[in-house]
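Read the structure below first, then the notes.
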Amino acid sequence: MNKDEILHWLNPDTDPAPLLALADRVRREHVGGAVHLRGLVEFSNYCRRSCRYCGIRAGNAKIRRYRLTPGEILACARAAAGLGYGTVVLQSGEDPAWGPRELAALTERIKKETALAVTLSTGEHSREDYRMLRAAGADRFLLRFETSDRRLFGELKPDSDYDARFRCLAWLREAGFQVGSGVMAGLPGQTPESMADDILLFERLGLDMVGIGPFIANPDTPMGGAGNGKLDLALRMTALARIVTRNAHIPATTAMGSIDPQGRQKALRCGANVLMPNISPAEHRVDYSLYPGKICTGEAPEQCAGCVDAMLKSLGRERAAGHGHSLKVQISPARPAGCSPKAPVGEGAPPVRAGEPRNGSRVWGTGEYPAGRASGRS
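In this text, residue positions in the sequence shown follow the working numbering: the first is 37, and each later residue adds one.
Dropping the structure here:
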């Protein structure tokens, strides 16, 4: 699928039904009907960053800060195993008190006491620290780049570096992680062209996991007065990500369910194959306030599991067995019907690394990830 085709499907005047149907067919053909459940533990809302859209940004004095202990996190992991989940996802802000050594020790304990796969989502670390975390047994790492548009990235994340973000993604692959990333849909200042570049970049990076959620404005942030993104756009982006990546794991995100009661169900019908039930202690869930109106903040883990199972039954789907590891290793170069050969990514995205494989296989090689180029946005 080339950029012009992607722009056609991102146009709100284009009927999305054929796109969503194609994405659902590609999902069935490449990842099947079963849905992987990954238990989410939001273990700290301390963060050293000042992302202008995020409710747990360092400068937000209106939230109650918390930090789980290793014992509390381990109890959550045991709960995930008891509920039959294959993976525990440990997510936090960039909390200096939970540094790489502490995370490595925690990961080792989880791997020793459970059979769970471990996914980390704890932000940017050094090359050596990623290697240490992988050696400790962490299987996957989620690090969203949020937008491939360099200028917009700078506006959203004023104390982060665009090139460093993509270097971290390269270091993660180099360390042996299964790598996930993603974007928000409907950001203020986002253009259809930059979103098309996001989709093409998913393909070129060969991501194992791709997460997409609608932008939801948090009133306690500098972007609190902006309008929310639309579910329709997030679903189009999800469908395009499925068609382009084919067998990446794609979650029906909590943000989709927060903006529309049927948001996650709709995502599962247009390419998504993962759900992430929250297994954090209920007393702290409301404090992990990335955005307002977040769902599933009051239920016990057992209640969330029951809700998810009922959702899957209503869709004619079932839980997937196993850990839900990456499907990228054996990917075929064949393209799904209805998709034309890909075109180069536009100016919003970092260039492909020299010598990388094509046709949807991994793009990560040796050496540093090259600097991204400035967007053509005016």
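In this text, a Cβ means the ideal position worked out from N, Cα and C, and glycines have one as well.
Counting along the chain, where does the alpha helix (DSSP H) carrying residue i start and finish?
i    : result
I146 : P136 to E149
R290 : The question names Arg, but residue 290 is Thr in the sequence shown. Counting along the chain, the alpha helix (DSSP H) containing T290 begins and ends at T290 to I295.
L304 : G299 to L304
A153 : Not the alpha helix (DSSP H): A153 falls in the beta strand (DSSP E), residues A153 to S157.
L348 : P337 to S350
V280 : L267 to T281
L126 : Counting along the chain, L126 falls outside any alpha helix (DSSP H), though it belongs to the beta strand (DSSP E) covering T123 to S128.
H320 : A318 to R321
H18  : Nothing about residue 18 can be read from this structure; the chain reaches only from 37 to 414.
A171 : R163 to A171
I286 : No alpha helix (DSSP H) contains I286, which DSSP labels as neither H nor E.
I42  : K39 to L46
Please work out which residues of its chain come closer than 7 Å, Cβ to Cβ, to residue i, disregarding the five sequence neighbours upstream and downstream, and give them in chain order.
i    : result
M259 : R88, Y89, P224 and A253
A341 : L119 and P313
S86  : R93, A94, G95, P194 and D195
H359 : G122, T123 and A153
S362 : Q214 and D244
T333 : R321 and V322
R272 : W45, L46, P52 and L55
I295 : P250, I252, N264 and L267
L208 : Y166, F177, L179 and V215
S83  : The sequence given here has Cys at residue 83, not Ser. Only I92, R93, A94, G129, E130 and D131 meet the Cβ criterion.
A262 : P224 and A253
A356 : A70, V71 and H72
K364 : G242, D244, N283 and R398
K349 : none
So the candidates are the options; which of them puts its Cα closest to the Cα of residue i?
i    : options                   : result
I109 : E78, F202, G342 and R240  : E78
R353 : V124, A59 and N309        : N309
S128 : A117, A140 and S157       : S157
K302 : L179, A318, A270 and P317 : A270
M10  : K364, R355, D60 and L276  : With the chain running from 37 to 414 in the structure shown, residue 10 is simply not present.
S80  : C343, G222 and P317       : P317
D60  : G159, R305, A357 and K330 : R305
A174 : E144, A206 and E182       : E144
H285 : V71, E41, D49 and T50     : V71
Q339 : G75, Q226, D256 and A57   : G75
G222 : L192, A211 and A206       : L192
R103 : V344, E319 and K349       : E319
A171 : A206, A211 and L58        : A211
P297 : L58, D49, M347 and M220   : M347
V246 : T257, L311 and C343       : L311
T257 : A206, L58 and Y327        : Y327
Between which residues of its own chain and residue i is the CB-CB distance below 8 Å, once the five residues before and five after are set aside?
i    : result
G382 : In this prediction, G382 scores a pLDDT of 35, lower than 50, which makes its location untrustworthy; no coordinate-derived value is stated.
V62  : R278, I279, R282, G307 and P372
L142 : P106, I109, L110 and L126
M24  : Nothing about residue 24 can be read from this structure; the chain reaches only from 37 to 414.
G50  : Reading off the sequence shown, one finds Thr at residue 50, where the question assumed Gly. Once the five neighbours on either side are set aside, the close Cβ partners of T50 are H44.
L351 : Q301, L304 and R305
I248 : G218, V219, M220, A221, A270, M273, T274, A277, I286 and T289
If I measure Cβ to Cβ from residue i and keep anything under 6 Å in the same chain, skipping five residues before and after, which residues do I get?
i    : result
G300 : Sequence inspection shows Arg at residue 300; the Gly mentioned does not correspond to that position. Only A288, M292 and G293 meet the Cβ criterion.
L43  : P228 and A232
V100 : Before going on, a small fix: residue 100 reads as Arg here, not Val. These residues qualify, in order along the chain: D323.
R180 : S217 and G218
G329 : S294
E160 : C204
S325 : G91 and I99
P48  : none
A390 : Summary for A390: the model assigns pLDDT 29, below 50, so the residue's position carries little reliability; its value from the coordinates is reported in the next sentence. Nothing listed; no residue qualifies.
Mind checking which residues open and close the beta strand (DSSP E) that includes residue i?
i    : result
M245 : M245 to P250
Would you verify that the beta carbon of residue i is, or is not, closer than 8 Å to some beta carbon of chain D?
i    : result
E130 : Structure shown: chain D not included; a single protein chain is present.
query = Hey, which unbroken runs of the alpha helix (DSSP H) at 4 residues or more fall wholly within the stretch 174-227?
reply = 186-192 and 198-211
### Message
Could you check whether the stretch 95-105 touches the stretch 140-160, counting it as contact only if at least three pairs of C-beta atoms, one from each stretch, sit closer than 8 Å?
### Response
no
Taking only runs that begin and end inside the stretch 49-121, name each unbroken beta strand (DSSP E) of 3 or more residues, in chain order. 72-80
Q) Given 8 Å as the limit, is there contact between the stretch 111-126 and the stretch 54-69, that is, 3 or more CB pairs closer than that? A) no
Is there contact here, the stretch 131-138 with the stretch 163-171, by at least three beta-carbon pairs under 8 Å?
-> yes
- So, do the stretch 238-251 and the stretch 199-219 have three or more beta carbon pairs nearer to each other than 8 Å? yes
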